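Asks: From first to last, the protein sequence lines stand for chains C and D. First residue of the first sequence? That's 1 in this note's numbering, and the numbers climb one at a time after it. First residue of the second sequence? That's 1001 in this note's numbering, and the numbers climb one at a time after it. Virtual Cβ for every residue (Gly too), placed ideally from N, Cα, C. Note that the coordinates shown come from a computational prediction; the quantities given were computed from them, not determined experimentally.
2 protein chains.
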Amino acid sequence: MTNGNGSVRGSRRGRGEVTISEVAAKAGVSPMTVSRVINGGKNVRSATRESVERAIAELDYSPNIAARRLAAGGGVRIGLLYSNPSAAYLSEFLVGSLDEARRNDVQLIVEKCDAGGEIAAARHLLDSRIDGLILPPPLCNSPELADLVRREKIPAVAVASGLPIKGISSVNIDDFDAARAMTDYILSLGHRRIGFIEGSPDQAASGRRREGYVAALTEAGIDVDPALIAPGLFTYRSGLAAAERLLDLPERPTAIFASNDDMAAATVAAAHRRAIDVPRQLTVCGFDDTALATTIWPELTTVRQPISDMSCAALQILMADIASRNGDEPLERCEIVDFTLIPRETTAPLQ
Amino acid sequence: MTNGNGSVRGSRRGRGEVTISEVAAKAGVSPMTVSRVINGGKNVRSATRESVERAIAELDYSPNIAARRLAAGGGVRIGLLYSNPSAAYLSEFLVGSLDEARRNDVQLIVEKCDAGGEIAAARHLLDSRIDGLILPPPLCNSPELADLVRREKIPAVAVASGLPIKGISSVNIDDFDAARAMTDYILSLGHRRIGFIEGSPDQAASGRRREGYVAALTEAGIDVDPALIAPGLFTYRSGLAAAERLLDLPERPTAIFASNDDMAAATVAAAHRRAIDVPRQLTVCGFDDTALATTIWPELTTVRQPISDMSCAALQILMADIASRNGDEPLERCEIVDFTLIPRETTAPLQ
DNA sequence: CCTCATTTTGTTATCGCTATCATCAGACAA
DNA sequence: TTGTCTGATGATAGCGATAACAAAATGAGG
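What follows is the structure, given as structure tokens:
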């Protein structure tokens, strides 16, 4: 029986996979040299490297993950522990790190933990022999987890922790700057009474954002009215309560800056319930640019965190750390990435 | 220098350190025999099999997947193509298939495509030598993609496509049953004028859901009022328009069943804008149980699809298909998984 | 022109498992 | 008994990649 399939796709099906030897043959070098080129190896003459790379491209070669793992004696395994599936956040996060993980052939082990079970879940990950750990918010701010990580001397990266954490690498945007920029933007629209809804007090980023808001007002010569700052917990519900409090103030703010998108969405809802039009009668801004921001209507003006870039960066830091490890303390790198202000439909000049 | 690194790692008990040879030695047979026992081998005397199995149990042996794949030929690569990152959906989806992929050491290649770029993206995946393809909604309903898959004779699984698709396996809940169950539930609360917001017409599930709604009403002896069925597109915005239309009807429905959570959330918002209390004056239900359902307030009564179980099942189907493949047509399996009705805060008995 | 230090490249030996084929023990017909 | 056949087992050879070491090429300095 012929495999009536023979065309381009014939190369699939187990056997036709391009191997490292074929690449080597085509490039006129030994397989080992190809291997070195693939793995960013040093000590390869650039002429050789180029010819190998050309061969790789022409044959559309990609290494066999199983063989590599077998030969290399178990690849790198990195744990990703998440707790609060702020789904929108998580999915973007996953996409970023997954992609990078696949590119570098590291095993990403994603584990969820319920509130209170952080330590148990982390232990579980540790026991399954991981070489590094990624901590997205809100876990990145858990002191217990940080302790555990330090004690086990395992490389870890906190993402969006708001502030650096001792003994742990981190990837952040500058929350202070971002909040200040957003507040400046609102000020530029003419608003003077700007309400602020705070984030969860146990997240360091919350404080940074409030400070940014305060700084912008202060720099603009505006007194900070404590009544305009309402506590929140990053949840829709807490945002609803906070927004109601602000909107029921005798002298209502003309703009409200919520510390995340969920609370901003709640603010929009609260305003609508009071027949206050957004943005004509009330400007609303969020933070994070999660999917929710464009899901609701009107779409939220917000600050974009490049979440998938951040998780990708986290993975890179870990890999570098693991690769360069001498058995001593994990290194502690802090990376700051850029945020972007995204004006959409919930902001308008003061009438 | 001592290898401080190695020792740390050594202390974390690596599982699967036991090899097939050790088992063979302990059982007094050759590795090959052990292999046969493991792989449901025929032609092994039952006495031999038992002794091998005992050895396996005692040593707590588990085979090295990488080695197995290498020896058995070709690692499996499976593509996961997604387009509309309904973030909440995607993240749950990813978690399910990722987990299963890791467990079986298959490479999951996640690729995103923009609207209109489905074919190009799929081709790209195909060209990168994948052995199977997973299609979450809404791509699972793309006829062009289905054609491509059939033409290339590559095993594929559509998840939540609503209906079976010729030549492609699928994993679904019974959308018809689910919608009927939800409608029955609303009826049981005493409601008689029940509005329905349809999903996107190009998604087969939309039709099934409407049919379920109609069936429930019919069975209850209630005439289906076409005015109570409003078209939608699964987006918040379309839901808002549909809800407004329903709420502005001369004889307003006392309940609205939206075909997904986004549109249900929009319905709640529209109601609030009209000062209609949910659920006291209006019962609202969604579908899918995405994160949005519990994000907003009041929390949505909805139908839960076990998304991560479904994506996990999809991967299993693919793996089975690939493993049993003889070079002929991919098989076409349809799996139906259970849904769950989740009553939360947006439904109440008719006053 | 030769030596020594330093790249750069090639060789060999696995990694843990399974395909393939050879081998061997027993069953059974002649 | 002898030969043939069948099913159970073992020996050998990779799968595709990398580690560790060996060899060759390069370059600097005397």
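1. Determine whether the Cβ of V37 of chain C lies closer than 9 Å to any Cβ atom of chain D.
2. Give the interface partners of H1272 of chain D over in chain C, defined as CB-CB distance under 8 Å, in chain order.
3. Using 8 Å as the cut-off, can you tell me whether the segment 1304-1321 of chain D makes contact with the segment 1168-1186 of chain D, which would need three or more C-beta pairs spanning the two stretches below that distance?
4. List the residues of chain C whose Cβ lies closer than 8 Å to the Cβ of D1099 of chain D, in chain order.
5. Can you list, in chain order, the residues of its chain with a C-beta nearer than 6 Å to that of S1083 of chain D? Leave out the 5 residues immediately preceding and following it.
6. Grouping DSSP H, G and I as helix and E and B as strand, with all else coil, what is R1054 of chain D?
7. Expressed to the nearest angstrom, what Euclidean distance is found between the alpha-carbon atoms of R1068 of chain D and E198 of chain C?
8. Sort D:A1120, D:T1048, D:P1063, D:A1158 by Cα distance to Q1316 of chain D and report the nearest one.
9. Is G286 of chain C near the ligand GTP, with its Cβ less than 8 Å from a heavy atom?
10. Quick one, which residues of the segment 1277-1303 of chain D are near chain C if we go by CB-CB under 8 Å, in chain order?
11. For the beta strand (DSSP E) that R274 of chain C lies in, which residues bound it at each end?
12. What does I20 of chain C pair with, by DSSP beta-bridge criteria?
13. Report the start-end ranges of each beta strand (DSSP E) in the segment 190-236 of chain C that is 3 residues or longer and not cut off at the edges.
14. Below 7 Å on C-beta distance, what does D262 of chain C contact in chain D?
15. What ranges does the alpha helix (DSSP H) occupy inside the segment 1093-1148 of chain D, keeping only unbroken runs of at least 4 residues that lie completely in it?
16. Under 8 Å by Cβ, that's how I've got T346 of chain C and T290 of chain C pegged, so tell me the actual separation to the nearest angstrom.
17. Could you work out which residues of chain D lie near Q107 of chain C, taking near to mean beta carbons separated by less than 8 Å?
18. Mind listing which residues of the segment 142-173 of chain C have their C-beta closer than 9 Å to chain D's C-betas, in chain order?
19. Does the contact criterion of 3 or more C-beta pairs under 8 Å hold for the segment 1184-1200 of chain D versus the segment 1256-1265 of chain D?
20. Determine whether the beta carbon atoms of D1262 of chain D and T1235 of chain D lie at a separation below 9 Å.
21. Alpha carbon to alpha carbon, how far is L81 of chain C from A1230 of chain D? Give it in angstroms, no decimals.
22. Report the residue ranges of all alpha helix (DSSP H) runs contained in full by the segment 242-314 of chain C; include only those spanning at least 4 residues, in chain order.
23. So, with DSSP's three-state summary, where would you put V1157 of chain D?
24. According to DSSP, what are the bridge partners of E335 of chain C?
25. Take M1319 of chain D as the anchor and find which of D:L1090, D:V1052, D:I1276, D:E1100 has the nearest alpha-carbon.
26. Quick check: the segment 110-125 of chain C against the segment 332-342 of chain C, are at least 3 beta-carbon pairs closer than 8 Å?
27. So is A67 of chain C in contact with chain D if we call contact Cβ pairs under 9 Å?
28. Quick one: measure Cβ to Cβ for L163 of chain C and A204 of chain C, integer angstroms, because I've assumed they're closer than 8 Å.
29. Is DSSP giving L1318 of chain D helix, strand or coil here?
Replies: Reading off the structure:
1. Position 37 of the first sequence, counted from the first residue, corresponds to residue 37 of chain C. No, V37 of chain C does not count as interfacial toward chain D.
2. In the second sequence, the residue the question calls residue 1272 of chain D occupies position 272. Neighbours of H1272 of chain D on chain C, chain order: A269, H272, R273.
3. yes
4. Here residue 1099 of chain D is taken as the residue at index 99 of the second sequence, counted from 1. V110, listed in chain order.
5. For this step, residue 1083 of chain D is matched to residue 83 along the second sequence. Closer than 6 Å at the Cβ level, and outside the excluded window around S1083 of chain D, lie C1113, L1139.
6. In the second sequence, residue 1054 of chain D corresponds to position 54, counting from 1. R1054 of chain D falls in the helix class under three-state DSSP.
7. Locating residue 1068 of chain D in the second sequence gives position 68, counting from the first residue. Locating residue 198 of chain C in the first sequence gives position 198, counting from the first residue. Each residue's alpha carbon lies about 53 Å from the other.
8. The count along the second sequence starts at 1 and reaches residue 1316 of chain D at position 316. For the residues D:A1120, D:T1048, D:P1063, D:A1158, the minimum Cα distance to Q1316 of chain D belongs to D:A1158.
9. Questions concerning the ligand GTP fall outside what the structure shown contains, since it holds no ligand whatsoever.
10. T1290, A1291, L1292, T1295, I1296, W1297
11. Within the first sequence, numbered from 1, the residue matching residue 274 of chain C stands at position 274. From DSSP, R274 of chain C is part of no beta strand (DSSP E); its letter is neither H nor E.
12. Within the first sequence, residue 20 of chain C is the residue found at index 20, counting from 1. Partner(s): none; I20 of chain C has no beta bridge.
13. 194-197
14. Here residue 262 of chain C refers to the residue found at position 262 when the first sequence is read from its first residue. The answer, in chain order, is T1295.
15. 1118-1127
16. By 1-based counting over the first sequence, the position of residue 346 of chain C is 346. By 1-based counting over the first sequence, the position of residue 290 of chain C is 290. Rounded, the Cβ-Cβ distance is 14 Å, inconsistent with contact.
17. As a position in the first sequence, residue 107 of chain C is number 107, starting the count at 1. Within 8 Å Cβ-Cβ: R1102.
18. E152, K153, I154
19. yes
20. Translated into the one-based positions of the second sequence, residue 1262 of chain D becomes position 262. Translated into the one-based positions of the second sequence, residue 1235 of chain D becomes position 235. Closer than 9 Å, so yes.
21. Position 230 of the second sequence, counted from the start, is the residue given in the question as residue 1230 of chain D. Position 81 of the first sequence, counted from the start, is the residue given in the question as residue 81 of chain C. For A1230 of chain D and L81 of chain C, the distance between alpha carbons rounds to 42 Å.
22. 261-273, 291-295
23. On the second sequence, residue 1157 of chain D is found 157 positions in, with the first residue counted as 1. It is a strand residue.
24. Sequence index remark: in the first sequence, residue 335 of chain C carries index 335 (1-based). BP columns for E335 of chain C point to C:V171.
25. Within the second sequence, the letter at position 319 stands for residue 1319 of chain D. Minimum Cα distance to M1319 of chain D is reached at D:E1100.
26. no
27. For the purposes of this step, residue 67 of chain C is identified with residue 67 of the first sequence, where counting begins at 1. It does; some Cβ of chain D falls within 9 Å.
28. Mapped onto the first sequence, residue 163 of chain C falls at position 163. Mapped onto the first sequence, residue 204 of chain C falls at position 204. 4 Å between Cβ atoms; contact.
29. As a working mapping, residue 1318 of chain D is identified with position 318 in the second sequence. L1318 of chain D falls in the helix class under three-state DSSP.
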